[in-house]
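Protein sequences appear in the order of chains A and B.
Take the first sequence: its letter number 77 is residue 77 in this note's numbering, and every next letter is one higher.
Remember, this note's numbering sits 1000 above the position in the second sequence when you count from 1.
2 protein chains.
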Amino acid sequence: MKTNTTKIDNILLQLPTWLTTVVAEQSDTLPTPEARMHFVIQLARLNIEHKTGGPFAAAIFNMETQALISAGVNLVIPSNCSMAHAEMIAISLAQKQLNHYDLGAPDLPRFELVSSSEPCAMCFGALPWSGIRHLSCGADDMDARAIGFDEGPRHPDWVKALNERGISVDTGICKTEAKEILQTYAKKGIIYNARQG
Amino acid sequence: MKTNTTKIDNILLQLPTWLTTVVAEQSDTLPTPEARMHFVIQLARLNIEHKTGGPFAAAIFNMETQALISAGVNLVIPSNCSMAHAEMIAISLAQKQLNHYDLGAPDLPRFELVSSSEPCAMCFGALPWSGIRHLSCGADDMDARAIGFDEGPRHPDWVKALNERGISVDTGICKTEAKEILQTYAKKGIIYNARQG
């Protein structure tokens, strides 16, 4: 039987214009974990306000200079792509900018990923391949579950598993502010999710 | 301190020309699990021969018609993107083609992901969000480790975890042929990997 197969030859994930502008204008370094998390939570807030995706944001910072390298927001619905989580976008943009698939390559500085929520199972699994050396998170799995999202079948001992791959982890940074963003979204946004059984 | 931030506003993952051609020409349906796996392993072989990425391939099939929907290969090195695993490419292409971030949406047929190797931690975590209903794998984690790759910190009970999310799993399909592809690549290809501690 003959069927029609796809002629699509690429995957394009386009950032919202507002995000490109905000990132370009963020020229000051952000020296504290709280300042970096506040910046990322602000991106999640703007993603809700502009209706350009889910209530999640993430950014990559140079750990030596505290300079912003790249930022991503959740683009799952507008891009029709379930892998378009904020962390995946931020990591991929940083790798594109640095022309390397491994942000932990020997000739590069160390990089931190700051995420408004703890990573889901997919983003957790992406971290060892990304080359980042440190992860900072805001809201946790309980906060996400409280509004109908969840982190998926994440490794039960995920922090230790990352530590064993050379990635240190800090959780609960600006947790109250990070949780509030999820609750703001829950009042009006689409809670998409995988079927759970 | 002022720094330079990225002006990059998109992530573009471009398929190799040969893959687009092979997919367009694959108009016959593939009715058996072995036929579908053989097709996918052939893509992994071609990815090695064309030097367009790692020795991994994956494809999405309509479970009702056994028609090919999309196919991906590992593009990590040529695209400078650590998330560009074969499974992620195949899933994203199918979602783009069907204009939906959830291949398990109520108005769609059921879809199967066929992968030349078992999923790594990232691709495992991506499956519940993708909406696929069945996973078929060839080579296993041991086969990947034997040539220096690994599956990362995957959930220790990953098959059960997928089953609990409504995704059935078959492993070891055409395992000998799938393993041979990895060994072929190991003789001349780049074994990139994350640091493991």
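Where is the CB? At the ideal position from N, CA and C, for every residue including glycine.
**Message:** Can you pull the chain A neighbours of B/Ala1090, defined as C-beta to C-beta under 7 angstroms?
**Reply:** Residues of chain A passing the Cβ test: none, with the nearest at roughly 10 angstroms.
**Beta-carbon separation (whole angstroms), A/Ile167 vs A/Ala126, contact threshold 8 angstroms** = That pair is no contact at about 11 angstroms.
**Prompt:** Is it true that the CB of B/Ile1048 sits closer than 9 angstroms to the CB of B/Gly1189?
**Reply:** Contact: yes.
**Request:** Just mark A/Ala144 as buried or exposed, buried being the case when its beta carbon has 16 or more other beta carbons within 10 Å.
**Result:** Buried, by the Cβ-count rule.
**Message:** Could you compute how far the alpha carbon of B/Phe1274 sits from the alpha carbon of B/His1155?
**Reply:** The requested residue 1274 of chain B is not part of the displayed model; chain B covers only 1001 to 1197.
**Request:** List the residues of chain A that B/Ala1186 touches, going by C-beta distances under 7 angstroms, in chain order.
**Result:** Neighbours of B/Ala1186 on chain A: none; closest Cβ ~19 angstroms, over 7 angstroms.
**Message:** Classify B/His1085: buried if its beta carbon has 16 or more other beta carbons within 10 angstroms, exposed otherwise.
**Reply:** The residue in question, B/His1085, is buried, as its Cβ has 16 or more Cβ neighbours within 10 Å.
**Request:** Kindly say whether A/Asp102, judged by its beta-carbon, lies nearer than 9 angstroms to any beta-carbon of chain B.
**Result:** yes
**Item:** B/Pro1016 to A/Phe56 span [Cα, whole Å]
**Value:** 32 angstroms
**Prompt:** In angstroms, rounded to a whole number, what distance separates the CA positions of A/Asn4 and B/Gly1053?
**Reply:** Note on A/Asn4: pLDDT 48, under 50, position unreliable in the model; no value is reported.
**Request:** Determine the chain A residues that contact B/Ile1008 at a beta-carbon separation under 7 angstroms, and present them in chain order.
**Result:** Leu93, Lys96, Gln97
**Asked** According to the neighbour-count rule (16 or more other Cβ atoms, all chains shown, within 10 Å of its Cβ), is B/Lys1096 buried or exposed?
**Response** Using a 10 angstroms sphere on the CB of B/Lys1096, the tally of other CB atoms reaches 16 or more, which defines it as buried.
**Item:** Residues of the segment 1128-1147 of chain B with Cβ closer than 8 angstroms to any Cβ of chain E, in chain order
**Value:** The question asks about chain E, but that chain is absent: this structure's protein chains are A and B.
**Prompt:** Counting contacts by CB-CB distance shorter than 9 angstroms, is B/Phe1124 in contact with chain A?
**Reply:** Answer yes: the Cβ-Cβ gap between B/Phe1124 and chain A drops below 9 angstroms somewhere.
**Request:** Mind reading off the beta-carbon distance from B/Glu1151 to B/Ala1121? Whole number of angstroms is fine, and I expect it under 8 angstroms.
**Result:** 6 angstroms
**Asked** Smallest Cα separation from B/His1134: which of B/Ala1059, B/Leu1019, B/Phe1039, B/His1050?
**Response** Measuring from the Cα of B/His1134, the nearest candidate turns out to be B/Ala1059.
**Contact list for the segment 151-163 of chain A against chain B, Cβ threshold 8 angstroms** = Gly152, Pro153, Arg154, His155, Pro156, Trp158, Ala161, Leu162
**Check whether B/Leu1019 and B/Ser1117 have beta carbons under 9 angstroms apart** = no
**Request:** Compare the C-beta of B/Thr1171 with all C-beta atoms of chain A and state if any pair is closer than 9 angstroms.
**Result:** Using a Cβ-Cβ cut-off of 9 angstroms, B/Thr1171 does not count as an interface residue toward chain A, since no Cβ of chain A sits closer than that to its own.
**Prompt:** Is the shortest distance between the beta-carbon of A/Ser115 and the beta-carbons of chain B less than 9 angstroms?
**Reply:** no
**Item:** Proximal residues of chain A, C-beta to C-beta of B/Leu1046 below 7 angstroms
**Value:** By Cβ distance, chain A contributes nothing, its closest Cβ being about 15 angstroms from B/Leu1046, past 7 angstroms.
**Asked** What distance in whole Å lies between the Cβ atoms of A/Pro128 and B/Ala1161, which are believed to be in contact at a cut-off of 8 angstroms?
**Response** Between A/Pro128 and B/Ala1161 the Cβ distance is about 18 angstroms, and since that is not below 8 angstroms, they are no contact.
**Request:** Tell me whether B/Asp1141 sits in a helix, a strand or coil according to DSSP, three-state version.
**Result:** helix
**Request:** State the DSSP-derived secondary structure class of A/Gln26, mapped to helix, strand or coil.
**Result:** Three-state result, A/Gln26: coil.
**Asked** Would A/Ile191 be called buried (16 or more neighbouring beta carbons within 10 Å of its own) or exposed?
**Response** Exposed.
**Message:** Contact criterion: CB-CB distance below 9 angstroms. Does B/Ser1168 meet it with respect to chain A?
**Reply:** no
**Request:** Report the three-state DSSP secondary structure of A/Asn207 (helix, strand or coil).
**Result:** Here chain A comprises residues numbered 1 to 197, so residue 207 of chain A is not present and cannot be evaluated.
**Request:** Answer yes or no: does any C-beta atom of chain A fall closer than 9 angstroms to that of B/Ala1035?
**Result:** no
**Asked** Distance, Cα to Cα, B/Leu1108 vs A/Gly72?
**Response** 29 angstroms
**Asked** What residue from A/Glu164, A/Thr29, A/Cys174 has the CA that sits closest to A/Glu64's CA?
**Response** A/Thr29
**Asked** Mind pulling the beta strand (DSSP E) runs of 3 or more residues that sit fully within the segment 1145-1172 of chain B?
**Response** 1168-1170
**Request:** State the Cα-Cα distance for the pair A/His50 and A/Thr171, rounded to the nearest angstrom.
**Result:** 27 angstroms
**Request:** Classify A/Met142 as buried or exposed, calling it buried when 16 or more other Cβ atoms lie within 10 Å of its own Cβ.
**Result:** With fewer than 16 other beta carbons inside 10 angstroms of its own, A/Met142 counts as exposed.
**Request:** State yes or no: is the beta carbon of A/Arg110 nearer than 9 angstroms to at least one beta carbon in chain B?
**Result:** no
**Prompt:** Can you tell me the Cα-Cα spacing of A/Asp9 and A/Val76, whole angstroms?
**Reply:** 20 angstroms
**Message:** Going by DSSP in three states, B/Gly1072 sits in which element: helix, strand or coil?
**Reply:** strand
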